[in-house]
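Using the working numbering, you'd call the opening residue of the sequence shown number 16 and step up by one each time.
Ideal placement from N, C-alpha and C gives every residue a C-beta, glycine not left out.
Some notes on the structure that comes next.
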Amino acid sequence: MRITSIDIVGYGKWSDAHFNHISDFQVIFGENEAGKSTIMAFIHSILFGFPTRQQSIPRMEPKNGGPYGGRLTLEDTPMGKVIVERLKGKATGDVRIYYGDGQVAGEEKLTEIIGEIDRNTFEAIFSFDIHGLQNIHQWKKKEFERYLLATGTTGSDALLKTAEILQKKLEALFKPSGRNPAINQQLKKVKDSQLAFQEAKKQNAKYELLLVGKEEERARQTELQEEKTAIRVELDTLNTLLDLWPIYQEWKALSEKAVPLTEATFPPDGIIRLEHLQLREKEWQNQLIQLEERQKNLINKNNFEHTAFFAENEAEITYLIETYGAYNERELQQKSLEKEIKYYQTDAKQTPMKWTKELDQKVLRIKELEQINKQQQHDIQLELKLTQESEEKLQQKIDKIETNMWDNKRFQQEKEKINSKEKTPVTKSIVAVGIFLVALVVLVIFQSIWSVAVVFLVALISVYLLVLTKTPAPSSNQQILAFLEQQKIRQEWQQLLSEMDIIASQIAQLEERQSRINKSQYDYQSELNHLFDTLAINELPDENWEAIVQTYKEHSEKNQLAAELTLKLEPLAEKQHSYQLRLEKLDAPIEPTNIEEKISFLRQGLLYYRNNLTENAKLAEKMEQVTMQLNLVKQDLLLVKKEKADLLEQAKVNNEDEFRVAAMRVKQEQQWRERLILLEAQLEPDKRLALSQFSAQEVIKEKELQLEEKLRKIELEQENIHASLAAKNHEIATLEEGGTFAALMQDFYSEKNKLQQMTREWTETKLALQILQETMRSLQEGKLPKTLALATDYFNHLTNGNYTKVYLQENRIQVESKDVVSFFPEELSQATKEQLYLAIRFALIDVIHKDFPLPIIIDDGFVHFDSARMVQMMQLLQKRKSTNQVIFFTCHQETRKYFSSEDIRVL
16 MRITSIDIVG YGKWSDAHFN HISDFQVIFG ENEAGKSTIM AFIHSILFGF PTRQQSIPRM
76 EPKNGGPYGG RLTLEDTPMG KVIVERLKGK ATGDVRIYYG DGQVAGEEKL TEIIGEIDRN
136 TFEAIFSFDI HGLQNIHQWK KKEFERYLLA TGTTGSDALL KTAEILQKKL EALFKPSGRN
196 PAINQQLKKV KDSQLAFQEA KKQNAKYELL LVGKEEERAR QTELQEEKTA IRVELDTLNT
256 LLDLWPIYQE WKALSEKAVP LTEATFPPDG IIRLEHLQLR EKEWQNQLIQ LEERQKNLIN
316 KNNFEHTAFF AENEAEITYL IETYGAYNER ELQQKSLEKE IKYYQTDAKQ TPMKWTKELD
376 QKVLRIKELE QINKQQQHDI QLELKLTQES EEKLQQKIDK IETNMWDNKR FQQEKEKINS
436 KEKTPVTKSI VAVGIFLVAL VVLVIFQSIW SVAVVFLVAL ISVYLLVLTK TPAPSSNQQI
496 LAFLEQQKIR QEWQQLLSEM DIIASQIAQL EERQSRINKS QYDYQSELNH LFDTLAINEL
556 PDENWEAIVQ TYKEHSEKNQ LAAELTLKLE PLAEKQHSYQ LRLEKLDAPI EPTNIEEKIS
616 FLRQGLLYYR NNLTENAKLA EKMEQVTMQL NLVKQDLLLV KKEKADLLEQ AKVNNEDEFR
676 VAAMRVKQEQ QWRERLILLE AQLEPDKRLA LSQFSAQEVI KEKELQLEEK LRKIELEQEN
736 IHASLAAKNH EIATLEEGGT FAALMQDFYS EKNKLQQMTR EWTETKLALQ ILQETMRSLQ
796 EGKLPKTLAL ATDYFNHLTN GNYTKVYLQE NRIQVESKDV VSFFPEELSQ ATKEQLYLAI
856 RFALIDVIHK DFPLPIIIDD GFVHFDSARM VQMMQLLQKR KSTNQVIFFT CHQETRKYFS
916 SEDIRVL
């Protein structure tokens, strides 16, 4: 969990303050009274609540009476990024938790974010200042176990408080030598009533026999119960031994290895001392060689015999000496070029063709074709899919219409019927009008009364025919409507068929385009095959053809570079060969082994030749100085060899190889001893003694099975005794009759029943306490040794190896120095005590990190540290920031040099 932002609405001296972008290792710098401790207290209050007025912690309410509280932004929590807001409300404040998805929760969800940890535990482990580092000498094993339990399970404080309550209840019920506890007083009452009851029942012999039998069976039952309890305890012990058996086996194996180890005779820091002596020996030998060479040169200068050679070849020798530097430069260039050529030729394979820009353009064109084809294929497939979907939808509509549509034959028949019915009324109208006109013509021609009657009769007939024409039958109307509906459906059907033809045309066009695209794909594949044929690549092109071509290109370019470098190498080689020929032609009076030695001879000889007259006087003085230095170096070399021989003798070896083997053996033995110490810390002496009684793990399991079988038999016998006691109790109840005897018996059993109830209550309380203690022990098991081991590592690092062990002895913390001297914390210096406390804190943080990945908050905790301790502490905190965020408050300027400017916030 990391704190990335602090927003203070009102708290102490701070009002409307915002600290954003807090890093994994954040330094907040400020002078005294700047408000550093207030920010630290604000973090505690937001996470665990404002202090109540009954607590001694100040509430830090603003003096101006403004708003009180603020919020923290937390990341990397089990709920992701959340904002925890606590404002003034109830005693500890009103809490709102804002999740990243916009949800809002209350204080009940806070434990899911920071875990089941209270304020005291958090301040005891994760948050501290200089005062919190000064009470390490007061810590005992109980404090360790309390913090380990408090961080090991949910509701740990309740477990501890419950254990104290149960213990007080046990003491209130019974004390072995007490008078006031309830069971002690009830025992006295039962004893008195039992005496009176026994006096009243002495008359009954059978009752006595039953009582004796009952007591014997109760005694046997108690004996069996004790045996059963002992077996269960032994079974628990065997289960523990089974769990510890692998550790015991490793301890036993290391113990057997450690037994034959004799007292180490290997000198301390032997390898370092040997390497130092070897280095000194090599240095003296180098000086000895140089001085002997100088002595030899001086002797040669005193006996110079090659004057004639240098006089005859002075010009050639001068040229060779002056151009020797250029020769060396060319030699370096030649080697560099050969190295580059070898580098390029090592990984490059031979390619038939030289890579050209045209090939690059061709590859680029093929890539473009590939991309275009892929895009076109994608587009055409998409269009085809959409068009085919449209075609399917239209076909579904057509199919639906065709289910309700008449066939062509019926449609034509209905159409003809409609047309014939429409023609009949028109014909009748025409006939009626024609008859009426003929009657009018007759009236005009004859102009008689009969003519008028005929005209009148014809008119009536005409009107009748017209009325019949204008009033069609109802059945004809329904047929017309049905026909019109079918005509409309047929028109819609024809429209859908037209659309179907258009879509079919579109599909044909798309298939034609796809054919063209396939041809383009074929052309692209042909061009790619042609490229592979051109490059003489024996593989068929596939999806990875670009990687194959790129590899070919790289090999070809490397071959080209190698060829170019070879062309550069040839003139250099010719010049070098020419120089070597001239040097070989010069017949020197010596036979040198290489060119450098010959040039050195020529340079020294030429210089001596030119300065021979002025140097002779100085040679004798130099010879004397060299001889004195040579004698001193030989003495120092003998001294170094003697020290090395003494070192080998101290290790009882004959040579350096044996010395190194002995060093490795001593190192391995030391590792064995350290591992053995760690295993002994995990295996208590009584556990080792118990495990030593078994030869194998199977023996423990076999004994476990035997005890379980024995336990089963005991339980069976207990059931039988219980049945027998029930029968005897029934007989005793039958015999127990009479006034005084019955009253005494009732009083006795009444008091006894009260005692049994109290005893049962005490037993239940005792059992609950034992179960609770066993639960707490199992929660703590393994954590304390691991914590001490981690604390040892941290303390050893912080003290630069001066202290090698942190352990509990006599229920108190002790440390052991590298000289195997034990100290209590109060015997250490103040800075060392603080280092020890920090080591224990970091060990506890490591042990509980899986359940509580909380930030570490420090308020000027290192004021007593010198510069060396401060460097070690800052290095450790730099490493810790990867697992826990570190927020460091300080007012000391010198601490700022350990951080970058981005990680420092100045108040």
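C-alpha distance - residue i paired with residue j, whole-angstrom precision
i: Ile413; j: Leu525; result: 23 Å
i: Phe914; j: His33; result: 22 Å
i: Val42; j: Ala858; result: 23 Å
i: Glu179; j: Gln683; result: 49 Å
i: Ser71; j: Asn199; result: 42 Å
i: Gln376; j: Gln391; result: 22 Å
i: Pro93; j: Ile860; result: 18 Å
i: Glu122; j: Asn899; result: 24 Å
i: Ala268; j: Glu658; result: 38 Å
i: Leu731; j: Glu238; result: 14 Å
i: Gly50; j: Lys848; result: 28 Å
i: Leu401; j: Lys415; result: 21 Å
i: Val110; j: Ser20; result: 17 Å
i: Lys229; j: Gln213; result: 15 Å
i: Ala120; j: Gly84; result: 18 Å
i: Arg727; j: Glu717; result: 16 Å
i: Phe137; j: Arg895; result: 17 Å
Backbone secondary structure at residue i - three-state DSSP
i: Val141; result: What sits at residue 141 in the sequence shown is Phe, not Val. Three-state result, Phe141: coil.
i: Phe189; result: coil
i: Arg618; result: helix
i: Val921; result: strand
i: Ile336; result: helix
i: Lys243; result: helix
i: Leu352; result: helix
i: Ile58; result: helix
i: Val878; result: coil
i: Gln70; result: coil
i: Ile863; result: helix
i: Gln665; result: helix
i: Leu787; result: helix
i: Lys820; result: strand
i: Lys912; result: helix
i: Gln102; result: Here the sequence assigns Leu to residue 102, which means Gln is not the residue at that position. Reduced to three states, the DSSP call for Leu102 is strand.
i: Arg194; result: coil
Cβ-based neighbour list, residue i, same chain, cut-off 6 Å, excluding 5 preceding and 5 following
i: Leu645; result: Leu306
i: Glu296; result: Val655
i: Ile873; result: Phe903
i: Leu384; result: Tyr539
Bridge partners - residue i, DSSP secondary structure assignment
i: Gln213; result: According to DSSP, Gln213 bridges with nothing at all.
i: Ile902; result: Gln41 and Ile872
i: Gly95; result: Thr92
i: Asp651; result: In DSSP, Asp651 forms no bridge with anything.
i: Asp22; result: His33 and Arg86
i: Tyr114; result: Val97
i: Ser837; result: Glu831
i: Val119; result: Tyr113
i: Arg688; result: DSSP, once it has assigned bridges, lists no residue as partnering Arg688.
i: Arg288; result: Partner(s): none; Arg288 has no beta bridge.
Own chain, CB closer than 8 Å to residue i, minus 5 neighbours either side, in chain order
i: Gln310; result: Met638, Val641, Thr642 and Leu645
i: Ile395; result: Leu525, Arg528, Gln529 and Ile532
i: Pro870; result: Met16, Arg17, Ile18, Phe141, Asn899, Gln900, Val901 and Ile902
i: Leu511; result: Leu409, Lys412, Ile413 and Ile416
Environment of residue i [buried if 16+ CB atoms lie within 10 Å]
i: Gln201; result: buried
i: Ala742; result: exposed
i: Met368; result: exposed
i: Gly816; result: exposed
i: Glu724; result: exposed
i: Lys583; result: exposed
Close Cβ partners of residue i (< 7 Å) along its chain, the five nearest in sequence each way excluded
i: Ser405; result: Ile518
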